[in-house]
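Trainee: Position 189 of the sequence shown, counted from 1, bears residue number 258 in the numbering used here, the numbering being contiguous throughout.
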Amino acid sequence: AYSTGAWLRDVTALAESGELDKARPIFVGGTGLYFRALLGGMSQMPDIPADVRAHWRNELERQGPDRLHEILMRDDPAAAATLKPGDGQRIVRALEVLQASGRSILDWQGESGTPLVDAESARLLVIEPVRAELVARIDARFDTMVAEGAMDEAKAMGALKLDPALPALKAIGVRELLAAAAGETSVETAIEQAKIATRQYAKRQSTWFRNQFGPEWQRLDGKGPFTSVGTISPVS
């Protein structure tokens, strides 16, 4: 799976090749964590062998997060103390790192990387639409997805009998439509639940941006043309 670390390595390779010097680069999208890593550096986590990853995901499905938290508390009490017993994904991540490297995930996280972009030489922008408009766009987008065949895609995915623990099957919209495809709920209910989950996710994103991105980030509502941010001076 593509990750923040993999993305950061790709950007590093571009920078070292000189590609970023040929024209002013514009970094768009990804997650907020991508930008934080780009500007502030990121600890380099170890590569996790596929068998180790599969083992702990299977154990999460078989034993549940509470039991895995007990295992982590036994093997890495410091890391376990930072995680809630029900936070299965982060518990699995800590166990993966511990088994793959023999070191606590806290040790890895304590080793900061080198920023690839100087924040003072960059124009930092966050597009934050007005909440009511964002909600309307979320609802309209999901209606369009359903109209263009999302339900058929969910049925086809369900027919593959994939492992329910796979991240793709837990994605917002997928899990709700899969439930409808399996007859566990109505299509109408699934659509409304997916819209609600998307709105909640968007709200968490906005909260994260407010907490993680300081006043040096210019906020835009996404309505006007981007020329409104002003002329970007050449980076020396």
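Backbone N, C-alpha and C fix where the C-beta goes; we use that ideal spot for every residue, glycine too.
Could you give the C-beta distance for Ser19 and Gly155, rounded to a whole number, given that I count them as a contact under 8 Å?
Mentor: Shown here, the chain extends from 70 to 305; a query on residue 19 therefore has no answer.
Trainee: Could you give the residue range of the beta strand (DSSP E) that holds Leu194?
Mentor: For Leu194, the enclosing beta strand (DSSP E) covers residues Leu194 to Ile196.
Trainee: Could you give the DSSP three-state label for Leu235: helix, strand or coil?
Mentor: coil
Trainee: How many Å lie between Trp177 and Met114 at the Cα?
Mentor: 6 Å
Trainee: Is Gln113 helix, strand or coil by DSSP?
Mentor: coil
Trainee: Under DSSP, the alpha helix (DSSP H) around Arg143 begins and ends at which residues?
Mentor: Pro134 to Asp144
Trainee: Kindly indicate the opening and closing residues of the alpha helix (DSSP H) around Leu289.
Mentor: Per DSSP, Leu289 belongs to no alpha helix (DSSP H); it is in the beta strand (DSSP E), Gln287 to Leu289.
Trainee: Are Leu141 and Ala150 closer than 7 Å when you measure CB to CB?
Mentor: no
Trainee: Taking only beta-carbon atoms, is Ile196 less than 7 Å away from chain B?
Mentor: Absent from the structure: chain B. Only one protein chain is present.
Trainee: Would you tell me roughly how many angstroms separate the C-alpha atoms of Ala82 and Ser190, rounded to the nearest one?
Mentor: 20 Å
Trainee: State the CB to CB distance for the pair Leu107 and Leu185, rounded to an integer number of angstroms; the pair is presumed to be in contact (CB under 8 Å).
Mentor: 5 Å
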